[in-house]
Every structure is written in structure tokens, then in C-alpha cells.
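Reviewing the structure listed below.
Laid out in C-alpha cells, this is it:
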């Protein structure tokens, strides 16, 4: 093959690879955030998290909520605060009310503050990222089940779990179930 | 000369079809440079709209939405329409002449990579007439803001795809030419500095332009196909766009400046009548700047809430770039040391480049210091910084290159007195325009804002006056180019006494087909 054409093909292949690489940056970013707990991404659950005899130590967990933009939701935590023991399973809930008369789709994003402790906050059951179809003027209770990992550094005495609720009814790709 | 002209007529089409179908590197270089000149004035007119609005506080001339469209379009047109085509145009003219090649390696591809540009740029400019106007989220196109615009977004994104495609094809062609078509005896370490800087730039281009294409494609699918790369409600993250964008964006700023370094490294020795000091170290410095550019991107986003370790890493790597850049600046100064210097227009622009680019480099170092960057972030200080490295930096190098090689390309000498007047007007007004922006930036004036607090009035008024002076000085540049082409006085083969390189062994203007027999390099 002509040397020039060979160079051309090699460089074109490299260009295509770099286009793919830009998409590879997405999972790399996700994994990086998960390992470092950046962005308040919560850790994944494993069997070691639950322990038979929890240590005598207490951590305060506070709950907050936000509704994005002018979405017609009332969204609030059932309890503002819990004092929990690392290694034990706890359950709490949030209430979501649709103040409009129309059926809407909602979805919530979680975040833990301070972010560096996010990996020690493990959710067993959570409504995050699932699409909640909610009828007009309906109220729903959304449950959260979680464990605070006993490996949580001792200087951490309190964590905040925040949920932000989005109205995604009008976004493309989501369809209401009739 | 007659035989050359006859040769020229029998060889290819005439009139408009000559330019549309041409595969000649000199024709394509000329096309690139003319397109760049046109876009320089279009982008410049947009800058003047911005400056006119900022002459006084309050809203006088344009509404805020149009103002935001102007900042976005000014940046996109200047980067992708003016500066990059100018540098590719210089490469098209000069690389084959400097390495003793008859043409570019892939001439048809060369034609194609130029002719994509006018269409892409027209598509981008047409968005100004859309309902909702052109994209208005800055050239960085950050979501979620950019996703909230009107119908312009998909057009802007497709034009960015096309502009990127054109640059990639141009870069592939340049690499293929440099690696395969050097004259016998010209080893890599004997290549002129301009060729070296373009070789490295071309590799940067094919490495990062596809990443920009990927990032804007993700924006497109987020807006129209329900993906959630950057949409928080679907589990995406807008900050991730900033990471991907600046992974492209930081190498991109070196794409704009490295060929300029090459031009300066060619002109300074010619008018100092000495060889370039530290050729090898220049090559290594250019390569290390290019490599480092891949690991510094997050210094554009120190304020997004990165962990301390990340901020320290990006601060240190950014500061490290000052070392190879310093090597280059000191080498230029050492080249001039004890040289028999003369100060023709290309040399004046090159000297101004060294001084003013270094000022821009220093303000860059200030912003590399993470804790103080929190004060400078998104203020006019950053506007002053990147205009210092791009206008009296990259643009001055392009103007210097045009004055330096124009007599070679056309066979006609420009008017030296007018050239010097152009230089002094440009240099004085560029400083009047951008220097005060450091002060208003440090005092807290945000960028991309059509209105501002009254205490910034005086410096903004000065800046606006400077920008109009700069604009008028460039009309003089147009006149100089026109006058050069009109006159009969012909230039010598070796236009400049101290110039070295294969291009000066050819007649001025060089024949349409040059170096059909490769020259011998000692």
C-alpha cells in the first residue's frame, strides 16, 4: 500500500478511536465519582454492611428535599432527622403530592453531604431515579431503607440526605402509562 | 514568467471553477487565508457590537439575549472561522515549500477539507436569523443553559461537527505530508520550526476534535432523543460536560498557539541574522507543552467543587507548562542576543508577540493558583488573559507571517511605511482594549454581561475606544494587502536578507508547481 494512504488510514482510525473515547469518558467519570464519593453518590450495598452487634456509636442523619424549578409538587421528608447506629437497617419515607390536576411523571436524585462520606451511606431500598407516575392531587409515600456503614470515620457525626424531585413529564423518551 | 503563466493556463480550469476544483496547495492556502480574513472581519464586527454596548452601563444598543448570542458567535467564528483556517492556510502554503514537497500528500482531501468550511460557517451564521436566535450559552456551550435555547442548537451542533471534520481532515493531510514527503536529507530534526510546531498541532487536532464532536453529540441526544448524559433528572451530570469539553478545550488553545510559536521561531532568526537558539530544546518544549495539555483541563473549572487533591494536581500540572513555555521565550530572546537586528514589519509584530504573549502567559499563571482563581473565575480578568494570548498572541503571529511571506507568495513587496503604521496602531489599540479589562476583572466585573455596575464605567469606555481603534487599524491592513497586489514592483527570490529555508530558493512568486524534482538538503 502507498505510504501516504497508510498514514491516512492510521490517522483516521485514531480519529474514530478518539470519538469513541469521548463516550468512554462517561463511564470513567461515573466510576471515578463512585470510588471517590464525589458528587455525593451513595455506596453500593454488600453483605458485610449489616453486622450482628452494632457498636455503641450514634450518627445523626438529617433529611432534606428540593423541588426543581416550578414543578407542581409538594415534596418533604417524613422525619427531619434520625439518630442511627452504624450497621443497623433503618427505614424512613418521603411524601410526594401532585398539586396539579394532571397526571405527571416525577423522578428524584439523591445526594449525601458531606460528599466524602457518601460511600458509607448505603441505601437498600430507594425511589431515586425511578419514574414515579402520580395522578392529579394524589399523595404518595416513598420509602428509603438504609444502613450507615460502621467503617464511617469517627469524625463524621452527622450526614445529610437530600433528594431533588424533577418533573420529567415533558421530556422526550418518557411516556405516561394510560 | 511567461512560460509559467502558459503552464498555469493549460494545466487547470480558469475562473470560479479553478478555485472550486483546485487541488493545488498554493490555491487552497490562498482560499483558507481569504476565508480567514473575511471571518476575522465578521467576528470583529460582533466584538464591536459587544464593546459598543459596554461603552456605558445600562442597556443602550442591544437586548441582553442578542448580546449573549454575540459573545457566543464572536468566539466560535474567531476560533473556528478566523484563527484555525488562517493557521491551516499558512500550513498549506508553507509546509510543502519548507520541506521541498511538490504538494500536500492528499490533494483531493485538501480541497474537500477547505470547501466544508464555508458551508459550516454559513450554517452557523444562519442561526442568527432563527426564531430564538443563535446559541447564547458562550462558546463553551455548557448545559443545561445551552439546552434551553431555541431551534438554533442542532444547527450550531452540526456546524461544529463540520468545522471539526474540516480541521481533522486538514490535520491528517498535514501529518501525511510531513511524515512522507520531506526532501531527501531532511531528517525530522532538520525540519524548520514551523513544520515541527504544525506536526505536533496536527496530532493534537486529531486527538481532541473527535472529543468535542462526542461532547456536542451528547448534547444533541440529550435534547432530542431522551438521553441523560448531562440531565440531572435522568441521573446525568452537567459538570461531566465541562470535564469532556475542557479535555478538548485545553489542547485546543495550544492548537491555536503552537503554529504561532512556529511562525515567531521563523521570523526572529531571519531579522536577527542568527540561527534559532536551542533548536532541539524548542522541539522538545513544543512536544512537552502538547503532552501536558492533556492533563490540565480542570483548571478551567476550579470552582465546580472538586476535591482538594484534584485542585492541587491541576494547579501543579498547569504551572509546569510555564517551564517549556519559558524555554521558548528565553530561546527567542537568546536568538536576538548580539544579532544584527533590523525592524521590518514582520519583526515588529513578532517582538510585540513575545512581550504581549508573555503578559497573557503570566496572567494565566495567576489563574493557575487555585485559591486566587476563585476571585478571577468568570470575571473580565479571564477575558483579558485569553485575549492577550489570542490577539497579540496568535493573531499577531498570523499577521507577522502574512507580512513575512506575502512577498514570496505574490512576488510583490508590501509598503513598509504603511506596514509599520499598521503595526503601531494595532499594538497601541490592542493594549488600550484589553489592558483595562485586567483591572475591571480584578475589581469583580463578570464576563458575558451586557450591563455592569457604574464603578466600571471609565475602564469599559477606554476599552471600547481601543477596540474601535483596533478595528479601524485592520481596515488599513486590508488596504495594504490591496495595494500590494496592485503594484508592479517585484520582490527578490530571497525577500529577506537573513531568511533561511527552501522556500527562498524558489522564484517569487513560486511557480504553480514547485519542487517537482525534490531539492537536496545538506
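Residue numbers (my numbering), protein chains in the order written: chain A, 1 to 178; chain B, 179 to 700. Ideal Cβ placement from N, Cα and C applies to all residues, glycine included. A quick note: this is a predicted structure, and the numbers were derived from the prediction, not measured.
- Residue environment: residue 369 (chain B) is assigned as buried (16 or more neighbouring CB atoms within 10 Å of its CB, all protein chains considered).
- Using a Cβ distance threshold of 8 Å, residue 686 (chain B) and residue 229 (chain B) do not count as a contacting pair.
- Within the DSSP secondary-structure output, residue 110 (chain A) pairs in a beta bridge with A:163.
- Residue 363 (chain B) has a beta carbon lying at 8 Å or more from every beta carbon in chain A.
- Residue 82 (chain A): member of the beta strand (DSSP E) spanning 81 to 84, first to last residue.
- Chain-order list of chain B residues neighbouring residue 107 (chain A): 411, 412 and 413, by C-beta distance under 9 Å.
- Ranked by Cα distance from residue 609 (chain B), the first of B:372, B:636, B:645 and B:248 is B:645.
- Among the CB atoms of chain B, one or more fall inside 8 Å of the CB of residue 3 (chain A).
- Distance between residue 574 (chain B) and residue 452 (chain B), taken at the CA atoms: about 22 Å.
- Residue-level contact by beta carbon fails for residue 631 (chain B) and chain A, as no gap is shorter than 8 Å.
- The residue from B:330, B:563, B:417 and B:619 with its alpha-carbon nearest to that of residue 320 (chain B) is B:417.
- Contact of residue 358 (chain B) with chain A by beta-carbon distance below 8 Å involves 3, 4 and 7.
- Here residue 105 (chain A) is bridged, per DSSP, to A:133.
- Closest in C-alpha terms to residue 660 (chain B), from the list B:591, B:690, B:355 and B:450, comes B:591.
- Residue range 89 to 98 is occupied by the beta strand (DSSP E) that includes residue 90 (chain A).
- The beta-carbon separation of residue 567 (chain B) and residue 535 (chain B), rounded to 6 Å, stays under the 8 Å limit for a contact.
- Under the Cβ criterion (8 Å, minimum of three pairs), the stretch 123 to 131 of chain A does not count as touching the stretch 22 to 37 of chain A.
- In terms of Cβ geometry, residue 470 (chain B) and residue 498 (chain B) form a close pair [threshold 8 Å].
- Along the stretch 526 to 542 of chain B, none of the residues has a CB nearer than 7 Å to a CB of chain A.
- Here the alpha carbon of residue 621 (chain B) sits roughly 18 Å from the alpha carbon of residue 481 (chain B).
- Between residue 436 (chain B) and residue 375 (chain B), the C-beta spacing is below 8 Å.
- Assignment of residue 119 (chain A) by DSSP, reduced to helix, strand and coil, places it in the helix class.
- For residue 141 (chain A), the enclosing beta strand (DSSP E) stretches over residues 139 to 148.
- Using a Cβ distance threshold of 8 Å, residue 297 (chain B) and residue 340 (chain B) count as a contacting pair.
- When the beta-carbon positions are compared, residue 698 (chain B) and residue 362 (chain B) come within less than 8 Å of each other.
- In this structure, residue 106 (chain A) sits away from residue 163 (chain A), with a CB-CB distance that is not shorter than 8 Å.
- Sequence-distant partners of residue 286 (chain B) (beyond 5 residues in either direction) whose C-beta falls short of 6 Å from its own C-beta, in its chain, are 201.
- Every candidate beta strand (DSSP E) stretch fails here, since none sits fully inside the stretch 245 to 299 of chain B while reaching 3 residues.
- Annotation: residue 153 (chain A) to residue 386 (chain B) spans about 41 Å, alpha carbon to alpha carbon.
- No Cβ of chain B is located within less than 8 Å of the beta carbon of residue 130 (chain A).
- Beta-bridge analysis with DSSP links residue 61 (chain A) to A:82 and A:159.
- Residue pairing for residue 67 (chain A): DSSP places it in a beta bridge opposite A:165.
- When Cβ pairs closer than 8 Å are counted between the two stretches, the stretch 391 to 404 of chain B is seen not to touch the stretch 304 to 311 of chain B, the count staying below three.
- Proximity of residue 14 (chain A) to chain B, defined by a Cβ-Cβ separation below 8 Å, is satisfied.
- Chain B has a Cβ within less than 8 Å of the Cβ of residue 29 (chain A).
- Rounded to whole angstroms, residue 88 (chain A) and residue 147 (chain A) show a C-alpha spacing of 6 Å.
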